[in-house]
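The opening position of the sequence shown corresponds to residue 52 in our numbering, with each subsequent residue numbered one higher.
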Amino acid sequence: MSKHSIMTDCIHSGTIVDPRTNGTVSPIYLATANGYLDAAENIYPRYFNLPNQQALEEKMTALEKGEAAIIFSSGMAAISTTLFSTLHKGDHVVLQIGLYGGTTMFATSVFDKFDIEYTFTTSTEIDDFAKAIRPNTKVIYVESPSNPLLGIVDLAGISKIARRKKILTISDNTFASPINQNPLELGIDVVVHSATKYLGGHSDICAGILVSSQKVVDKARAMARNFGGSLNATTCALLERSLKTLAVRVQQQNLNAQRIAEFLQSHAQTQNVYYPGLSDHTGHDIARQQMSGFGGMVSFELADGLDSRSFQKDLKLIAPSLSLGGVESTICSPRLTSHVEVTAADRAAAGIKDGLLRLSVGIEEPEDLIADLDQVLSKARVVAGWHDA
Ligand SMILES: *Cc1c(COP(=O)(O)O)cnc(C)c1O
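What follows is the structure, given as structure tokens:
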């Protein structure tokens with residue numbers, strides 16, 4: 052376990068020092084053909100043992116306070132490999148309602164084929180997880196805060212129930228980032244991330260990560276070599292560079308998102324603002340206990356009758372765009388992006404309305420972002436008033 056603070060680990064942990072230069076930055080090991088005759092192990096990108104992969108694994112292990120990690124070529128590669136390495140035919144999984152669309156799709160379209168049973172909870176309440184457990188339940192899968200409704204799950208509470216029954220807990224920590232929350236410290240067994248989001252942070256990297264105990268990681272690494280979702284050395288180096296600024300980026304995003312959530316909540320042309328930092332958010336008290344910051348994601352709906360598509364088109368600074376977690380603010384309709392493949396019935400069950408907007412708050416000056424939102428909302432007021440008259 053690292054003895055440094057997370058701010059320091061973001062910068063220093065895992066860095067490879069090249070003896071030829073003593074440079075401050077890890078060199079990039081591009082070779083896919085490496086000598087093997089006198090090597091302790093065969094080094095190959097898809098064996099997940101390149102030096103640049105290991106540098107990242109070391110940094111992420113320190114940031115998430117685990118024992119070991121594996122870096123993947125996408126968040127879904129991390130999630131699918133983790134699930135397949137822990138589940139067998141006939142096992143049952145409890146999944147939180149309202150997960151990221153790709154994870155929901157993975158469960159609903161793949162598990163059946165492998166005779167893996169699953170149940171989605173009906174809420175984020177602990178009791179609903181407990182009720183869904185069966186004798187053959189092997190995994191509880193959670194995401195807190197969840198994408199897109201910022202649902203909060205009591206991670207320590209879930210891990211307590213699961214440990215009693217020897218059930219493995221997996222938590223998607225993408226929205227929080229390790230700066231705001233460390234699920235492993237709350238008793239969760241495995242943390243997964245889409246590193247495409249906050250860890251990459253500049254909307255130009257696709258990657259994923261798993262952090263856990265050495266035992267879980269060894270099993271997952273064996274599975275990962277079969278599936279092959281490894282990340283190339285150049286992108287590893289880019290991600291390592293991104294992680295150096297993770298703490299400062301996320302701290303600014305926490306501040307900006309709180310300001311914007313309060314602005315949106317006070318505005319007459321919006322309704323149902325979802326942000327765990329708002330005192331009336333259903334998960335606020337638990338979020339305060341388990342998170343050190345509430346993150347940069349804010350979801351909301353426009354007042355009745357206002358069109359979310361024209362709203363996004365009229366924004367000048369905030370970009371209507373897929374994905375999230377970058378230094379630039381972006382906005383999207385989950386119905387058309389992250390949850391486009393989830394059925395309308397499943398979206399309705401999760402409370403994801405068609406008009407929902409998901410705002411990823413960047414590190415711009417928050418007053419500029421508020422002014423951008425306000426200029427469209429003010430215009431919307433005129434149109435709505437005209438219709439009402
Ligand atoms: C984007 C996302 C994923 C999937 O990650 P990819 O890098 O797109 O494969 C998983 N979980 C959450 C919460 C996400 O937002």
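The beta carbon of each residue, even a glycine, is placed where N, CA and C say it ideally should be. None of these values were measured; they are calculated from a predicted model.
Can we say the stretch 147–165 touches the stretch 389–401, given the rule of at least three CB pairs closer than 8 Å?
Contact check between the stretch 147–165 and the stretch 389–401: three or more CB pairs, one atom from each, fall below 8 Å, which counts as touching.
Pull up the distance between the alpha-carbon of His332 and that of Asn323, whole angstroms please.
On the sequence shown, position 281 is the one that residue 332 refers to. On the sequence shown, position 272 is the one that residue 323 refers to. So the alpha carbons of these two residues sit roughly 10 Å apart.
With a cut-off of 8 Å on the beta carbons, I'd call Gln304 and Gly251 a contact; round off their distance for me.
Mapped onto the sequence shown, residue 304 falls at position 253. Mapped onto the sequence shown, residue 251 falls at position 200. Not a contact, Cβ separation roughly 14 Å.
Given the structure, does Ile230 come close to ligand 1, in the sense that its CB is under 7 Å from one of the ligand's heavy atoms?
Indexing the sequence shown from 1 puts residue 230 at position 179. Because no heavy atom of ligand 1 lies under 7 Å away, the Cβ of Ile230 does not count as near it: no.
Can you check whether the CB of Thr66 is closer than 8 Å to the CB of Ala119?
One-based indexing of the sequence shown puts residue 119 at position 68. One-based indexing of the sequence shown puts residue 66 at position 15. Contact: no.
Tell me whether the stretch 213–222 and the stretch 187–195 touch, counting them as touching only if at least three CB pairs, one residue from each stretch, are closer than 8 Å.
In the pairwise beta carbon analysis, the stretch 213–222 is classified as touching the stretch 187–195: at least three pairs are separated by under 8 Å.
Does the distance from the CB of Ala338 to the CB of Ile203 come in under 8 Å?
Sequence index remark: in the sequence shown, residue 338 carries index 287 (1-based). Sequence index remark: in the sequence shown, residue 203 carries index 152 (1-based). Taking 8 Å as the Cβ cut-off, Ala338 and Ile203 qualify as a contacting pair.
Give me the Cα-Cα distance between Ile57 and Ser64, rounded to the nearest whole angstrom.
Taking the sequence shown and counting its residues from 1, the one referred to as residue 57 is at position 6. Taking the sequence shown and counting its residues from 1, the one referred to as residue 64 is at position 13. So the two alpha carbons sit approximately 9 Å from each other.
Per DSSP, the bridge partner or partners of Val241
Along the sequence shown, read from residue 1 onward, the residue named residue 241 stands at position 190. Paired residue(s): Ile221.
Could you check how far apart the C-beta atoms of Leu206 and Gln341 are, in whole angstroms? I think they sit under 8 Å.
If you number the sequence shown from 1, residue 206 lands on position 155. If you number the sequence shown from 1, residue 341 lands on position 290. Taking C-beta atoms under 8 Å as the contact rule, Leu206 and Gln341 qualify, at a distance of about 6 Å.
Would you check whether ligand 1 has a heavy atom nearer than 7 Å to the C-beta of Ser125?
Within the sequence shown, residue 125 is the residue found at index 74, counting from 1. Yes, since a heavy atom of ligand 1 falls inside the 7 Å radius drawn around the Cβ of Ser125.
Here's a check: name, in chain order, each residue in its chain whose Cβ is nearer than 7 Å to the Cβ of Asp166, leaving out the five neighbours to either side.
Locating residue 166 in the sequence shown gives position 115, where the first residue counts as 1. Beyond the five residues adjoining it in sequence on each side, Asp166 comes within less than 7 Å, by CB distance, of Lys140 and Gly141 in the same chain, given in chain order.
Using 8 Å as the threshold, is the C-beta distance between Ser77 and Glu291 below it?
Position 26 of the sequence shown, counted from the start, is the residue given in the question as residue 77. Position 240 of the sequence shown, counted from the start, is the residue given in the question as residue 291. For Ser77 and Glu291, yes; Cβs fall inside 8 Å.
Against chain C, does Gly413 count as a neighbour if the rule is that its beta carbon must be under 8 Å from one of theirs?
Among the chains in the structure shown there is no chain C, since it carries only a single protein chain.
Whole angstroms are fine: how far does the CA of Ala84 sit from the CA of Cys383?
Numbered from its first residue, the sequence shown carries residue 383 at position 332. Numbered from its first residue, the sequence shown carries residue 84 at position 33. Rounded to the nearest angstrom, the two C-alpha atoms are 42 Å apart.
Grab me the residues of Leu420's own chain with a C-beta within less than 8 Å of its C-beta, minus the 5 sequence neighbours each way, in chain order.
Counted from its first residue, the sequence shown places residue 420 at position 369. Closer than 8 Å at the Cβ level, and outside the excluded window around Leu420, lie Asn307, Ile311, Leu368, Ile369, Ser380, Val412 and Gly413.
Strictly by DSSP, which residues pair up with Leu146?
Here residue 146 is taken as the residue at index 95 of the sequence shown, counted from 1. In the DSSP output, where bridge partners are listed per residue, Leu146 has Phe171 and Tyr192.
Could you name the residues of the same chain whose beta carbon sits closer than 6 Å to that of Ala284, not counting the 5 residues immediately before and after it, in chain order?
Looking up residue 284 in the sequence shown gives position 233. The residues are Ile79, Tyr80, Leu81, Leu101 and Asn103.
Distance between Ile62 and Val299 (C-alpha atoms, nearest Å)
Looking up residue 299 in the sequence shown gives position 248. Looking up residue 62 in the sequence shown gives position 11. Between the alpha carbons of Val299 and Ile62 lies a gap of roughly 11 Å.
Three-state secondary structure (DSSP) of Met348
Position 297 of the sequence shown, counting from 1, holds the residue named residue 348. When secondary structure is reduced to three states using DSSP, Met348 falls in the strand class.
From Arg214 to Pro70, what does the alpha carbon distance come to, in whole angstroms?
Residue mapping note: residue 214 aligns to position 163 of the sequence shown, counting from 1. Residue mapping note: residue 70 aligns to position 19 of the sequence shown, counting from 1. Their backbone Cα atoms lie some 45 Å apart in a straight line.
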